[in-house]
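Worksheet: the structure to be examined is printed underneath.
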Amino acid sequence: VVVTNILEFSMAFFYPQIANFIVHYPPGNIINFSEYGLSERQENIIKEFLKDGTNYKKLAETFITSESTIKQEMNRICKIFGVENAAMLKLLFKQYYIA
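Just so we're aligned, residue 402 is where the sequence shown starts under the numbering used here, counting upward by one.
Written out as structure tokens, the structure is:
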């Protein structure tokens, strides 16, 4: 709980634009992608992206597409979850269980 509170404070301080999002979803909860209207491809991209060491180039190779297509898809996913970039998205998802 203490680590969670420190993480929430740090996120809210450094990224105030997602402070409400963090409060809305208490850490440790389950995020069900189907509730957000994500396509199966978007879900798969997120799951692959959350693996350690995965970057846009590796994602492009995995999904047999270009890096720019992956970047566009990640931008759409970031907008859905209310974060500005993929790094913030990764930090956000590391707090939750993915369903």
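All residues carry an ideal CB built from backbone N, CA and C; glycine is no exception.
Nearest to E444 by C-alpha distance, out of M489, S467 and F482, is F482.
Within the same chain, and ignoring the five residues on either side of K448 in sequence, no residue has its Cβ closer than 6 Å to its Cβ. CA-to-CA, the gap between I471 and L460 works out to about 7 Å. Buried is the label assigned to I478, since at least 16 other Cβ atoms lie within 10 Å of its Cβ. Beyond the five residues adjoining it in sequence on each side, N486 comes within less than 7 Å, by CB distance, of C479 in the same chain, given in chain order.
Of all alpha-carbon atoms in A500, K491 and Y498, the one lying nearest the alpha-carbon of K452 is that of K491.
By the neighbour-count definition (other C-beta atoms within 10 Å, threshold 16), E474 is a buried residue.
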